[in-house]
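Below is one structure, written out as structure tokens; the observations come after it.
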Amino acid sequence: MTTVSEPFQGTSSPDGSPASGPGTTGAGAIRVQGVSKAFGRGEGAVVALDRISLEVPTGGFVALVGASGCGKSTLLNLLAGLDTPTRGDVAVEGRTALMFQEAALFPWLTVAQNVSLALKLRKVPKRQRPAMVDELLDTVHLADFADKRPHELSGGMRQRVAIARAFAQDADTLLMDEPFGALDAMTRDLLHDELERLWVERGFTCLFVTHNVREAVRLADRVEVLSSRPGRVAAGFDVPFDRPRRIEDPDVSGLAGEITVRLREEVRRHATDH
Amino acid sequence: MPPITEADEHQLDQELSGLDALELAPAPRAEWASRIWAATWPKLLAVAIALLLWQLVVWSGWKKPWQLPPPGPVFRALWDGLQNGTIWRGIGLTLRRAVYGYSLALVIGVAVGLLVARSRVLRSGVGSMITGLMTMPSIAWFPLAIVLLGGNESAIMFVVVLGAAPAIANGLIAGIDNVPPILVRAGRVLGARGTNLWRHVILPAAMPTFATGLKQGWAFAWRSLLAGELIVIVRGTPSLGAQLSNARDLREMELLIAIMIVILVIGILADSLVFGRIERYVRKRFGLVDAAGS
Ligand SMILES: Nc1ncnc2c1ncn2[C@@H]1O[C@H](COP(=O)(O)OP(=O)(O)OP(=O)(O)O)[C@@H](O)[C@H]1O
Ligand SMILES: [Mg+2]
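Note that the protein sequences, when read in sequence, are chains A and B. In terms of our numbering, the first sequence is residues 47 to 320. In terms of our numbering, the second sequence is residues 2 to 295.
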């Protein structure tokens, strides 16, 4: 893996954070400190995030769960530099890839071209691209659909192309916004394995948003529970289980149950607030 | 991680392609010839009905035959005109002007469109002026054009460009304005900035609306051109417009209607064979048309 390390995108100092998780070479870290984000001004402003702090160690895998509308996508947008926080600092080390909640593929390009564009934009020489595209499409099991256009695919397949495109960026930090939401359970399980394999192989830092608590426990080192509007970190759970895990492991189910209870509390608290 | 063997991978692939096969229903494919026939016969029927109505009006005796000739003699005049080459010469001349004027309008329209779309200051001022220009009937430009440029081909080209360029520019600007923000964000996340963002994301995403602008620009150009050829008769250039005007002066009603038919047919062909095709191609690439329909 070749990585070009770039300076920090945020304003915090780039002092090294402890590396956890395997494969730390060239990996990045995420730091969010007292970040607030409001949309609009004055009376009608929506406070999506309120003084949220969060840290993902270099090479770590953190999952973010929280009720719908609690600001998860907003946070990822801030981390990807697509938006600026109203208050506080975000810092992401190295190059960042963001996989949106929707596939956001370019409709005028074929599946292969969509993936290839990601390679082109990070200046991979033209000759090397086709082989890399093939490999990436193989990873998401879409090699046979290379020449189709996004509108010819099912929602789940589009999502997989987006995953391939995100992997193509070969970023130090991978932000994923409910990447497997549109998939059937079987495909999702297979892609969990793939994601875990790539994470072990490449050692990137991953922040993974999901509604599925089991999925969070299956994949992450740590699961953060966000409270609802305004979003804050309500609780964090370390996941101590050995890898590889399976989503149906009793350990996974057990911890997922515990986290779900906590998440429900948050949702209920939010519901009675209003 | 358990080592994933190649056999496992293969099995995964098979399972997944099984699932994918379920997800993708096969597209129904109509027979080629029957599809063309299905597309053609309603048009043929419409033409037949129009001819019949025309003949009925003539038979009704509403106008004298020298005012409104029946279809038969008109098509004979058309045939003669095509045979002796005068109509072909007219078509050649008018089409050359059309291509020349439209190309000029394309260059200017794209340049202005890009400038306006990229600059916020220009947007508010020039943007609304462009829409204003589009509402201006092109014929209203001729007096000015003739005074400025003389009663020659330049005056005609001036009006053609003024007719078509705003529509083309407007298509480009609207296309750029309506690029889905999520695609721009996706481009930025992939590392496309500045020129790269324009080249790889914004301009391609603007294509469907731009294609509509191209088509609209053609309609404006064609109308302005014929209006111009009727108003500005350039000596020694028997364009379609000049021939039309000439036929009226000589009261050759058969020829007059024959030339009108030629003008109509050229307009329809250009629209469906060139601009409609571009538009359909772009829309199809974007998945904006139902693959099974039309
Ligand atoms: N561009 C915007 N303008 C105004 N309000 C916004 C904007 N984007 C998000 N919001 C608001 O911010 C809040 C958080 O939105 P966000 O999309 O981050 O939620 P989320 O946690 O990702 O939800 P979900 O799980 O449903 O995807 C919501 O109340 C939403 O209405
Ligand atoms: Mg979201």
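Glycine included, every Cβ here is placed at the ideal spot set by N, Cα and C.
Where DSSP assigns a beta bridge to A/Gln-174, which residues make up the other side?
In DSSP, A/Gln-174 forms no bridge with anything.
How about A/Arg-204 and A/Pro-196: are their beta carbons less than 8 Å apart?
In contact: A/Arg-204 and A/Pro-196 (Cβ atoms closer than 8 Å).
With a Cβ-Cβ cutoff of 8 Å, do B/Val-160 and B/Ser-225 count as a contact?
Annotated as proximal: B/Val-160 and B/Ser-225, with beta-carbon spacing under 8 Å.
Could you compute how far the alpha carbon of A/Pro-68 sits from the alpha carbon of A/Asp-135?
Interpretation of A/Pro-68 is limited by its pLDDT of 40, a score under 50 that renders its predicted location unreliable; the figure taken from the coordinates is listed afterwards. C-alpha separation (whole angstroms): 27 Å.
For the 8 Å Cβ check, are there 3 or more pairs between the region 221-241 of chain B and the region 90-110 of chain B?
yes
Spatial distance of A/Glu-270 from A/Glu-139 (CA atoms)
20 Å
Beta carbon proximity, B/Gly-237 to chain A, threshold 8 Å:
no
Under 8 Å Cβ to Cβ from B/Arg-249, same chain only, skipping five residues before and after it: list those, please.
Leu-257
Can you grab the Cα-Cα spacing for the pair B/Leu-134 / B/Ile-279, in whole Å?
The alpha-carbon atoms of B/Leu-134 and B/Ile-279 are separated by roughly 25 Å.
Distance cut 5 Å, beta-carbon to ligand 1 heavy atom: residue list by chain order
A/Phe-85, A/Val-92, A/Ala-94, A/Ser-114, A/Gly-115, A/Cys-116, A/Gly-117, A/Lys-118, A/Ser-119 and A/Thr-120
Checking the sheet assignment: what are the DSSP bridge partners for A/Gln-79?
A/Asp-135
Helix, strand or coil for B/Val-275, going by three-state DSSP, please let me know.
helix
Nearest-angstrom Cα distance between B/Leu-52 and B/Leu-227?
Rounded to whole angstroms, B/Leu-52 to B/Leu-227 spans 24 Å at the Cα level.
With 8 Å as the threshold, decide whether the Cβ of A/Ala-150 is near any Cβ in chain D.
Among the chains of the structure shown, chain D does not appear; the protein chains present are A and B.
Whole-Å CB distance - B/Val-100 paired with B/Ala-156, under 8 Å assumed
With 8 Å as the limit, B/Val-100 and B/Ala-156 do not qualify as a contact, their Cβ atoms being about 18 Å apart.
Thinking just about the alpha-carbon of each residue, which of A/Gly-86, A/Val-92 and A/Ser-99 is nearest to the one in A/Arg-76?
For clarity, residue 76 of chain A is Ile in the given sequence; the question names Arg instead. Taking only the C-alpha atoms, the option nearest A/Ile-76 is A/Ser-99.
Mapping DSSP to helix, strand and coil, what is A/Arg-97?
Reduced to three states, the DSSP call for A/Arg-97 is strand.
List the endpoints of the continuous alpha helix (DSSP H) containing B/Arg-98.
Element bounds for B/Arg-98: 87-119.
In this structure, what does DSSP give as the bridge partners for A/Glu-148?
According to DSSP, A/Glu-148 bridges with nothing at all.
Return yes when at least one heavy atom of ligand 2 lies under 7 Å from the C-beta of B/Gln-1, else no.
Past the edges of chain B, shown from 2 to 295, lies residue 1 of chain B, and the structure says nothing about it.
Please classify B/Gln-244 as buried or exposed, where buried requires at least 16 other C-beta atoms within 10 Å of its C-beta.
buried
Look at the alpha carbon of B/Ser-125 and the alpha carbon of B/Ala-222, and state the distance between them as a whole number of angstroms.
26 Å
Beta-bridge partners of A/Gly-282, as assigned by DSSP:
A/Glu-270
Please confirm whether any heavy atom of ligand 2 lies closer than 7 Å to the CB of A/Cys-205.
Position check: residue 205 of chain A holds Gln in this sequence, whereas Cys was assumed. Result no, Cβ not under 7 Å from ligand 2.
Under 9 Å from the C-beta of A/Phe-146: neighbouring residues of chain B:
Ile-183, Arg-186, Ala-187 and Val-190
Exposed unless 16 or more other CB atoms sit within 10 angstroms - verdict on A/Thr-219:
Flag for A/Thr-219 reads buried.
For a cutoff of 8 Å on Cβ pairs, would you count B/Arg-284 as touching chain A?
no
Any idea what DSSP makes of A/Gly-112, helix, strand or coil?
strand
For ligand 2, is there any heavy atom lying closer than 7 Å to the beta carbon of A/Asp-129?
Taken from the Cβ of A/Asp-129, every heavy atom of ligand 2 lies 7 Å or farther away.
Give the straight-line distance between the Cα atoms of A/Gly-282 and A/Glu-304, rounded to the nearest whole angstrom.
11 Å
Quick check on A/His-197 - is its C-beta less than 8 Å from some C-beta in chain B?
Yes, A/His-197 lies at the interface with chain B (some Cβ there is under 8 Å from its Cβ).
Should the region 247-263 of chain A be called in touch with the region 108-125 of chain A, which here means at least 3 C-beta pairs below 8 Å?
yes
Inter-residue Cα distance where the pair is B/Lys-65 and B/Ile-260
Straight-line Cα distance between these residues: approximately 20 Å.
Spatial distance of A/Phe-213 from A/Thr-142 (CA atoms)
11 Å
Contacts that A/Gln-215 makes with chain B (C-beta to C-beta distance below 9 Å):
Those within 9 Å of A/Gln-215 in chain B are Val-190, Leu-191 and Gly-192.
Please return the same chain residues whose Cβ sits closer than 7 Å to the Cβ of B/Phe-287, not counting the five positions on each side in sequence.
Pro-209
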